[in-house]
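Enquirer: In this note's numbering, the protein residues as written are 3 to 98.
Attaching a single structure in structure tokens format; questions to follow.
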């Protein structure tokens, strides 16, 4: 099971990474904090101190158009904000 799906690269998360050593990831919905911690430490070679998780629900929308009603839905996902040890960092752009 692949725990980490993709990193989150937004202005807010990038600022948190620079100031507070916190990084965001979209993770598997079934993963717990211990599994997320182990996956990040293994993938990026850093020491994780704290893991916070949030479950986002699927949002449903209805659009009224000339051709009628169009129903849509965004995907549900789980987000993890990982704090790493001070002095360590994760570089998403030059990770080879």
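Idealized CB from N, CA, C, for every residue including glycine.
All values derive from a computational prediction rather than experimental measurement.
Just checking, does the region 11 to 18 make contact with the region 67 to 76 on the three C-beta pairs under 8 Å criterion?
Expert: no
Enquirer: Going by the beta-carbon positions, is the gap between residue 120 and residue 63 smaller than 8 Å?
Expert: With the chain covering 3 to 98 only, the question about residue 120 has no answer from this structure.
Enquirer: So for residue 46, helix, strand or coil by DSSP?
Expert: Residue state, collapsed to three classes: helix.
Enquirer: Name the residue from 28, 36, 41 and 76 whose alpha carbon lies nearest to the alpha carbon of residue 56.
Expert: Nearest C-alpha to residue 56: 28.
Enquirer: Return the bridge partner residues of residue 94 from the DSSP annotation.
Expert: Per the DSSP secondary-structure output, residue 94 pairs with nothing in a beta bridge.
Enquirer: Grouping DSSP H, G and I as helix and E and B as strand, with all else coil, what is residue 41?
Expert: helix
Enquirer: How about residue 30 and residue 81: are their beta carbons less than 8 Å apart?
Expert: no
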